[in-house]
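Read the structure below first, then the notes.
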Amino acid sequence: MRKILVIIQRSNGDVFLASPLIDALSAHYKEAKIDLLINDDTLAIARTLAHVNEIHAYSYSWRKLPWYDRVKNEWRLVKSIYRQYDLSINLTASDRSVMYAVLASKNALSATEADQAKSWWKGLLLSKHYVFDRTVSIVKNNTQSLELLGIQHEKIQVQAYFSKEAEISVRNKLKEKNIHKFIIFHPSAQYDYKIYPEHLRHRLLERLNTLGIAIVVTGAKSPLDTQIKHALPNLTHVFDFIGETSLDEYIALSSLSEGYIGMDTLNMHIAAAQNKSVFAIFGPTIVSMWSPWCNVLQCNTNRNRPKQTYGNITIFQADMPCVACGLAGCDDKHGKSDCLEQISPEIIFEEVKRVC
3 MRKILVIIQR SNGDVFLASP LIDALSAHYK EAKIDLLIND DTLAIARTLA
53 HVNEIHAYSY SWRKLPWYDR VKNEWRLVKS IYRQYDLSIN LTASDRSVMY
103 AVLASKNALS ATEADQAKSW WKGLLLSKHY VFDRTVSIVK NNTQSLELLG
153 IQHEKIQVQA YFSKEAEISV RNKLKEKNIH KFIIFHPSAQ YDYKIYPEHL
203 RHRLLERLNT LGIAIVVTGA KSPLDTQIKH ALPNLTHVFD FIGETSLDEY
253 IALSSLSEGY IGMDTLNMHI AAAQNKSVFA IFGPTIVSMW SPWCNVLQCN
303 TNRNRPKQTY GNITIFQADM PCVACGLAGC DDKHGKSDCL EQISPEIIFE
353 EVKRVC
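Written as structure tokens, this is what we have:
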């Protein structure tokens with residue numbers, strides 16, 4: 003086995019949680035070079051993964067280009083991977099990503115939909131395939147191909163990597179602000195419907211401020227993050243790091259923290275991978291698939307409960323019959339999530355206080 007292509011055309015979390023698969027492939031095929039094909043908006047997290055040789059990127063912005071330019075970009079990508087690999091593994095069931103896997107290698111493995119009406123033709127083109135199971139952890143889905151390949155993987159370990167330069171930079175930032183022991187509070191997410199409401203967020207920060215430990219508030223430079231940044235309350239032990247770290251630096255910062263408090267997003271998975279204490283606030287997201295993977299217990303959770311703890315991870319959800327619905331807000335159009343309004347900051351604080 004000389005060259006392997008792993009295709010992950012979904013979100014940052016999907017790319018990050020492919021690390022156990024990539025680590026296992028690298029350990030088994032010691033001489034093989036492992037490349038990735040991802041969406042370009044996940045490039046930053048893809049660059050932090052270990053054992054990756056080259057990264058190919060697809061851009062949804064191509065769809066806005068004139069027909070000729072779009073075809074030219076698509077052709078360039080296909081040409082760069084066509085029959086270049088001894089093995090291709092696709093982790094999503096989309097038509098496009100399956101075709102990339104088939105074009106990249108004669109030995110193509112992929113996830114497929116359970117609905118045979120949608121996926122029958124994929125089984126004909128692929129060497130092997132498995133059904134993408136939305137009732138189990140994304141980590142387990144991502145490692146299904148190892149079983150098809152006959153590769154033993156007794157323990158699934160999600161790991162996060164960062165550069166030495168990032169660690170030095172972060173240590174300097176902390177030193178400048180005289181921060182020693184600290185907890186990360188990450189209030190943002192990619193989508194507004196997953197964000198804890200501002201009035202509850204501020205109540206939680208006011209209570210966390212009484213712990214006497216630094217609360218480092220993190221985020222990117224997106225409009226949502228910037229809005230949160232401008233509204234942050236001025237509190238003695240709360241430090242604003244929103245927009246001040248690269249992803250590489252964030253992973254280093256997380257490794258130095260006592261734990262993570264915040265939304266169900268990539269940053270939550272990073273903290274869980276580092277075996278930190280995680281206090282995750284879930285809205286409509288399906289926990290059976292997206293709750294953090296516990297490296298020690300080798301599991302996530304598949305139950306909805308107002309508060310539950312497994313290993314180093316605590317999850318908070320609303321006590322409502324509709325939780326978790328899996329919709330993009332109550333209207334499924336990225337609107338408001340009423341369930342997030344029902345999660346008490348006092349309950350979150352008491353759990354953080356007990357553990358930290």
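Counting in the working numbering, the sequence shown runs from 3 upward without gaps.
Where is the CB? At the ideal position from N, CA and C, for every residue including glycine.
C-alpha gap between residue i and residue j, whole angstroms
i, j, result
"Pro-294", "Ile-140", "9 angstroms"
"Pro-286", "Val-218", "26 angstroms"
"Ile-181", "Ser-259", "11 angstroms"
"Ala-162", "Tyr-60", "24 angstroms"
"Ala-48", "Phe-18", "7 angstroms"
"Ser-1", "Gln-159", "In the structure displayed, the chain extends from 3 to 358; residue 1 sits before or after that span and is not available."
"Asn-144", "Trp-292", "12 angstroms"
"Val-138", "Pro-22", "16 angstroms"
"Asp-97", "Gly-221", "33 angstroms"
"His-30", "Ile-153", "7 angstroms"
"Lys-120", "Ala-95", "10 angstroms"
Coil, strand or helix - residue i by DSSP
i, result
"Asp-242", "strand"
"Gly-264", "strand"
"Val-138", "coil"
"Tyr-198", "coil"
"Leu-89", "strand"
"Val-289", "helix"
"Lys-130", "strand"
Heavy atom of the ligand SAH within 7 angstroms of residue i beta-carbon
i, result
"Leu-126", "This structure does not include the ligand SAH; it has no bound ligands of any sort."
Candidates the options, of which the one nearest residue i by Cα
i, options, result
"Leu-151", "Val-357, Ile-6 and Ser-339", "Ile-6"
"Ser-82", "Ser-107, Ala-95, Thr-94 and Tyr-70", "Ser-107"
"Ser-224", "Ile-215, Leu-329, Ser-248 and Asp-340", "Ser-248"
"Phe-1", "Ala-275, Tyr-262 and Val-289", "There is no way to answer for residue 1, as the model of the chain reaches only from 3 to 358."
"Asp-42", "His-58, Gln-118, Thr-50 and Leu-329", "His-58"
"Lys-32", "Lys-142, Leu-45, Met-3 and Ile-10", "Met-3"
Terminal residues of the beta strand (DSSP E) in which residue i lies
i, result
"Gln-11", "Neither: Gln-11 is in no beta strand (DSSP E) and is coded neither H nor E."
"Leu-38", "35 to 41"
"Thr-114", "110 to 114"
"Thr-228", "Thr-228 -> not in any beta strand (DSSP E); alpha helix (DSSP H) instead, spanning 225 to 233."
"Lys-2", "The structure shown does not extend to residue 2, since the chain is modelled only from 3 through 358, so no value can be given for it."
Element boundaries [alpha helix (DSSP H), containing residue i]
i, result
"Asn-277", "First-last for Asn-277: undefined, no H or E at that position."
"Tyr-70", "69 to 83"
Any chain D beta carbon closer than 8 angstroms to residue i
i, result
"Ala-216", "No chain D appears in this structure, which consists of one protein chain only."
Report yes or no: do three or more beta-carbon pairs, one from the region 158 to 173 and one from the region 308 to 327, lie closer than 8 angstroms?
-> no
Touch check for the region 250 to 259 and the region 226 to 240: three-plus C-beta pairs under 8 angstroms?
-> no
How about the region 175 to 192 and the region 267 to 274: do they share at least three Cβ pairs that are nearer than 8 angstroms?
-> yes
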